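*Asks:* One structure, pasted below without further comment.
Numbering (full-length UniProt numbering), first residue to last: 1 to 115.
In structure tokens form, the structure reads like this:
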């Protein structure tokens, strides 16, 4: 009779220990997932911050950006909205000044469409 009682207690203790371990692993897993997501989002934000180039916003935004497109990317000479699904720009605006078109480079050699 005592053996049966001892065996029941031993099984019960094993279940309690297993339950505690499972809960601990679940909590640790949740914590690591949250930590990973926070770290990942901070890393993405940091990379985006480093990749941004200064923009002459007063020139590019003089007439405003088109309303179509939610994600606007701004660069030194131009800004665009990119369609992620089609992998093409929705729209592009560029500031072209007389200084940017001047140069000694022969444009006819570079562009096959110019004659």
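Ideal Cβ positions, reconstructed from N, Cα and C, are used throughout, including at glycine. From a predicted model like this one, the values you see are computed outputs, not experimental measurements.
Could you round the C-beta distance between residue 79 and residue 87 to whole angstroms and report it? I think they count as a contact, below 8 Å.
*Replies:* At roughly 18 Å, the Cβ-Cβ gap does not stay under 8 Å, so residue 79 and residue 87 are not in contact.
*Asks:* Nearest-angstrom Cα distance between residue 55 and residue 31?
*Replies:* Low per-residue confidence applies at residue 55: pLDDT is 47, beneath 50, and the placement is therefore not dependable enough to give any value.
*Asks:* Going by the CB atoms, is the gap between residue 81 and residue 71 shorter than 8 Å?
*Replies:* yes
*Asks:* DSSP three-state call for residue 87: helix, strand or coil?
*Replies:* coil
*Asks:* Counting along the chain, where does the beta strand (DSSP E) carrying residue 72 start and finish?
*Replies:* 72-74
*Asks:* Would you kindly work out how many angstroms separate the C-alpha atoms of residue 7 and residue 20, rounded to a whole number?
*Replies:* 20 Å
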